[in-house]
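There are 2 protein chains.
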Amino acid sequence: MKYIAIMGLGTIGRGVYDLLKENRREIAERLGEEIFVKRILDLRDFPEEEIQRLVTHDVADIIEDPEISVVVETMGGVEPAFSFEIKALNAGKHVCTSNKELVENKGPELFAAARENKVNFFFEASVGGGIPIIRALTGSLTAERVGRVSGILNGTTNYILSSMTNEGGTYEEALNKAMQLGYAERNPAADVEGFDAGRKLAILASIITGRRVCFGEISTEGITGITREDIRYSKELGYSIKLIAEASFEDGAVTALVAPRMVRPESALHPINGVQNGIVVCGNMVGKVLFSGEGAGAYATASAVSADVIEALRRCTETVYSGWSSEKADIRDVSGSRYRYFVRAVGYNQEDYDNALSIFGGGSIINAHIQAEFGLVTPEMTEEEFHKKSGELIGFIKSIRIK
Amino acid sequence: MKYIAIMGLGTIGRGVYDLLKENRREIAERLGEEIFVKRILDLRDFPEEEIQRLVTHDVADIIEDPEISVVVETMGGVEPAFSFEIKALNAGKHVCTSNKELVENKGPELFAAARENKVNFFFEASVGGGIPIIRALTGSLTAERVGRVSGILNGTTNYILSSMTNEGGTYEEALNKAMQLGYAERNPAADVEGFDAGRKLAILASIITGRRVCFGEISTEGITGITREDIRYSKELGYSIKLIAEASFEDGAVTALVAPRMVRPESALHPINGVQNGIVVCGNMVGKVLFSGEGAGAYATASAVSADVIEALRRCTETVYSGWSSEKADIRDVSGSRYRYFVRAVGYNQEDYDNALSIFGGGSIINAHIQAEFGLVTPEMTEEEFHKKSGELIGFIKSIRIK
Chain V
12 MKYIAIMGLG TIGRGVYDLL KENRREIAER LGEEIFVKRI LDLRDFPEEE
62 IQRLVTHDVA DIIEDPEISV VVETMGGVEP AFSFEIKALN AGKHVCTSNK
112 ELVENKGPEL FAAARENKVN FFFEASVGGG IPIIRALTGS LTAERVGRVS
162 GILNGTTNYI LSSMTNEGGT YEEALNKAMQ LGYAERNPAA DVEGFDAGRK
212 LAILASIITG RRVCFGEIST EGITGITRED IRYSKELGYS IKLIAEASFE
262 DGAVTALVAP RMVRPESALH PINGVQNGIV VCGNMVGKVL FSGEGAGAYA
312 TASAVSADVI EALRRCTETV YSGWSSEKAD IRDVSGSRYR YFVRAVGYNQ
362 EDYDNALSIF GGGSIINAHI QAEFGLVTPE MTEEEFHKKS GELIGFIKSI
412 RIK
Chain Y
12 MKYIAIMGLG TIGRGVYDLL KENRREIAER LGEEIFVKRI LDLRDFPEEE
62 IQRLVTHDVA DIIEDPEISV VVETMGGVEP AFSFEIKALN AGKHVCTSNK
112 ELVENKGPEL FAAARENKVN FFFEASVGGG IPIIRALTGS LTAERVGRVS
162 GILNGTTNYI LSSMTNEGGT YEEALNKAMQ LGYAERNPAA DVEGFDAGRK
212 LAILASIITG RRVCFGEIST EGITGITRED IRYSKELGYS IKLIAEASFE
262 DGAVTALVAP RMVRPESALH PINGVQNGIV VCGNMVGKVL FSGEGAGAYA
312 TASAVSADVI EALRRCTETV YSGWSSEKAD IRDVSGSRYR YFVRAVGYNQ
362 EDYDNALSIF GGGSIINAHI QAEFGLVTPE MTEEEFHKKS GELIGFIKSI
412 RIK
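Chains as they are written, first to last, in this note's numbering: chain V, 12 to 414; chain Y, 12 to 414.
Put into structure tokens, the structure is as follows:
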């Protein structure tokens with residue numbers, strides 16, 4: 012019999028509690044022991060519910076209880092989650108969390124505390140919800156030189172873009188629908204501005220390099236500027252617009268970008284629609300491996316947290332993954348990255364088209380039947396070259412990188 | 012510095028040797044030590060090559076060398092691989108293998124020997140090549156009640172079916188092309204009859220149930236009967252024909268089937284083409300998770316074997332995964348499984364169509380412009396019902412289950 016505690020009874024914390032109950036038998040069979048939730052830390056009381064008997068408002072009730080061997084932190088945010096986790100690790104308890112903000116901000120400190128105390132700090136649920144991407148990188152693709160990781164890491168934005176594509180509505184209409192369905196929060200900035208995807212990309216890049224990649228250093232563009240017209244062009248091309256988080260690794264340096272991209276149908280990320288997440292890891296030996304599934308949702312995320320709990324209980328005596336160092340990774344800006352670009356420009360006739368084609372050195376014209384404008388797909392060039400050339404294009408409206 | 016040995020210098024064994032050399036720096040960084048291949052067991056000599064100095068024809072040179080801590084077995088087949096692996100495990104060495112036939116046949120004995128000697132027996136490369144599906148099941152989706160696993164587990168057959176679809180050729184033409192490209196063996200029976208996929212499915216089902224699922228008990232149909240006409244119908248429907256290995260789990264019993272299926276475009280396996288493999292795991296909490304990538308090929312497979320070696324060296328003092336028991340899983344035959352079916356039948360006119368629709372209790376007619384015949388998609392029914400009804404259909408040509 013093993014006891015755990017849950018800090019933060021929000022959607023995910025409650026999901027973990029429910030899952031451990033629902034799948035008690037399967038988990039006991041695999042682990043050889045039953046897992047019980049002994050304590051739940053929350054600011055609130057839940058007087059109408061059975062779980063109230065487990066609720067405490069004092070973190071010491073968890074830290075000082077020697078029977079509790081694993082702490083699940085599903086509070087979110089940096090503080091007080093960080094202090095609580097450090098206390099738990101120092102008390103010899105394993106910590107499993109879904110808190111991406113904390114992992115991205117304080118990873119090295121938490122790994123160090125776990126190593127010192129010979130316990131585990133696991134965070135599978137912090138990226139990709141129920142998709143086991145963290146353990147794939149830390150335990151499975153370990154013989155690879157990873158050249159690139161590309162993902163749809165945010166379900167809210169993917170839902171909004173899919174909805175705009177399928178229903179032809181505006182960004183605002185799609186966002187409203189996502190809010191109604193509970194896929195977007197009241198304040199959707201963290202999702203729609205690409206911050207959530209950026210944090211997750213920082214975590215993946217930190218694992219891959221073994222050094223700290225800070226979210227703040229990642230170029231991040233959101234989807235708030237995507238319009239119905241952009242979607243019309245993407246359909247005309249047979250592409251789909253998705254918020255892509257991508258990092259590439261070369262000579263020890265990281266180039267990372269979160270931005271809406273026009274995704275070609277050949278891409279493994281093209282069929283990832285709605286609230287699904289998908290991640291492609293490109294290794295020098297294995298080629299491309301795709302992982303996809305539910306990137307959010309209480310139960311999918313709880314599944315990842317619970318798998319961490321099981322792994323921590325199985326590996327009670329050693330630190331399985333020692334994390335990335337506090338040393339910062341070398342970050343390159345994207346000016347040298349090469350893309351093809353989709354460009355919208357004002358123009359009416361062959362002369363306008365020819366002018367644009369000559370500026371970009373070729374490409375192809377797309378007509379989405381939008382008055383007084385046209386689209387263009389450029390040849391591949393660096394960001395720097397593109398900025399220069401697009402500055403020369405009179406009537407330039409906007410551009411979206413192609414993936 | 013850690014020493015390993017490779018038994019069997021075929022495509023995969025050589026891939027492991029090359030990979031450990033090519034990615035030496037990355038691996039040393041992650042493991043904290045360098046890995047060297049000290050011995051290679053093979054029947055042949057390689058006098059022209061640098062590796063000849065490592066070659067031995069005597070397994071004792073490996074078993075009795077205390078410096079060798081991990082043995083990679085890439086010989087294939089049950090014997091002598093089994094005896095060699097048991098010797099290695101009993102000598103306190105970890106064993107990592109790509110040998111699916113051995114894992115399927117002798118898994119419980121190998122796990123028992125690993126447990127007794129407190130070492131690891133790993134077999135990530137036995138299913139899905141470079142796709143980390145084994146560790147996903149043993150280490151990541153451990154909090155799930157898995158209801159179903161469905162996969163395209165054989166790259167050769169997927170290549171043949173994709174080629175028939177893209178190029179419109181016959182089965183024989185596509186098989187010939189696969190042989191020319193090295194995707195199919197001289198004797199392709201193990202692939203095209205579904206045996207390879209069946210063995211891999213047996214391994215996945217054994218992990219999921221924790222009991223032995225024998226390949227011999229899995230209903231297996233190959234792709235040799237798939238014709239150009241079948242492909243024409245699948246295109247007419249917007250479906251694609253793929254060899255699907257699928258097992259479902261209910262009340263402790265397993266229902267498993269390897270068979271060509273008409274795959275609907277909504278299926279996560281629909282975009283898996285060519286030599287790619289794809290596996291969908293359906294859990295009661297996580298929903299559907301898709302894993303896809305190169306299912307074969309020297310380097311992709313070597314990547315999985317090498318990751319196992321790294322994991323074994325990291326977990327030197329404990330048995331990480333203790334495997335499935337020798338007790339046989341309860342296998343249900345497919346007669347109670349429910350599918351929709353695609354049916355081809357002789358017929359010319361509305362009367363024939365109406366007759367077929369009335370026998371199957373509805374459905375839809377497909378016209379692929381093939382003389383004197385028509386296609387039909389039935390409503391969902393059990394295999395048993397379907398066999399009864401299709402027996403009543405005069406002019407029945409063939410059927411393919413829909414996924």
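Beta carbons are placed, not taken as given, at the ideal position from N, Cα and C, and that holds for glycine.
For residue j and residue i, the rounded distance between their alpha carbons
| i | j | result |
| --- | --- | --- |
| P282/Y | E78/V | 49 angstroms |
| N34/Y | E61/Y | 19 angstroms |
| R351/V | G298/V | 22 angstroms |
| K117/V | K339/V | 13 angstroms |
| E9/V | E84/Y | For residue 9/V there is no data in the structure shown, the boundaries of chain V being 12 and 414. |
| T312/Y | G26/Y | 8 angstroms |
| A279/Y | G139/Y | 16 angstroms |
| A123/Y | A92/V | 42 angstroms |
| G193/Y | Y244/V | 41 angstroms |
| K414/V | L404/V | 23 angstroms |
| D319/V | A147/Y | 12 angstroms |
Check whether residue i and residue j have beta carbons under 8 angstroms apart
| i | j | result |
| --- | --- | --- |
| T328/V | R126/V | no |
| P119/Y | S336/Y | yes |
| G162/Y | V274/Y | no |
| V70/Y | F95/Y | yes |
| E115/V | R210/V | yes |
| G23/Y | A309/Y | Note on residue identity: the sequence assigns Ile, not Gly, to residue 23/Y. Going by C-beta atoms, I23/Y is nearer than 8 angstroms to A309/Y. |
| V345/V | S401/V | no |
| V7/Y | T220/Y | Lying outside 12 to 414, the shown extent of chain Y, residue 7/Y is not represented and no answer is given. |
| N284/V | G304/V | no |
| E155/V | G294/V | yes |
| V224/V | T168/V | no |
| V300/V | I142/Y | yes |
| A323/V | F47/V | no |
| G263/V | L164/V | no |
| S314/Y | M296/V | yes |
| G88/V | L52/V | no |
Per DSSP, cross-strand counterpart(s) of residue i
| i | result |
| --- | --- |
| I46/V | K13/V |
| M392/Y | Y350/Y |
| H398/V | DSSP output for H398/V lists no bridge partner at all. |
| D341/Y | A264/Y |
| I413/Y | M273/Y, R351/Y |
| Q287/V | E305/V |
Any chain Y beta carbon closer than 8 angstroms to residue i
| i | result |
| --- | --- |
| A307/V | no |
| Y170/V | no |
| P143/V | yes |
| S317/V | yes |
| L215/V | no |
| K188/V | no |
Min CB distance residue i to chain V below 8 angstroms
| i | result |
| --- | --- |
| I17/Y | no |
| N131/Y | no |
| M12/Y | no |
| P282/Y | yes |
| R243/Y | no |
| I23/Y | no |
| N101/Y | no |
| E322/Y | yes |
| E37/Y | yes |
| V138/Y | no |
| I20/Y | Inspection of the sequence shows that residue 20/Y is occupied by Leu rather than by Ile. L20/Y does not count as touching chain V. |
For this session: Using a Cβ-Cβ cut-off of less than 7 angstroms, give me the residues of the segment 150-164 of chain V that come near chain A, in sequence order.
Result: Absence of chain A from the displayed structure is noted, the protein chains being V and Y.
For this session: Could you tell me whether the segment 356-363 of chain Y touches the segment 247-264 of chain Y, where touching means 3 or more Cβ pairs closer than 8 angstroms?
Result: no
Exercise. If you pair each beta-carbon of the segment 102-113 of chain V with each one of the segment 202-217 of chain V, do three or more pairs fall below 8 angstroms?
Worked result: Output reads yes: the segment 202-217 of chain V touches the segment 102-113 of chain V.
Exercise. Is the segment 224-239 of chain V touching the segment 169-182 of chain V, taking contact as three or more C-beta pairs under 8 angstroms?
Worked result: yes
Exercise. Three or more beta-carbon pairs under 8 angstroms between the segment 385-398 of chain Y and the segment 341-360 of chain Y, yes or no?
Worked result: The segment 385-398 of chain Y, when compared against the segment 341-360 of chain Y, does touch it at the 8 angstroms Cβ threshold.
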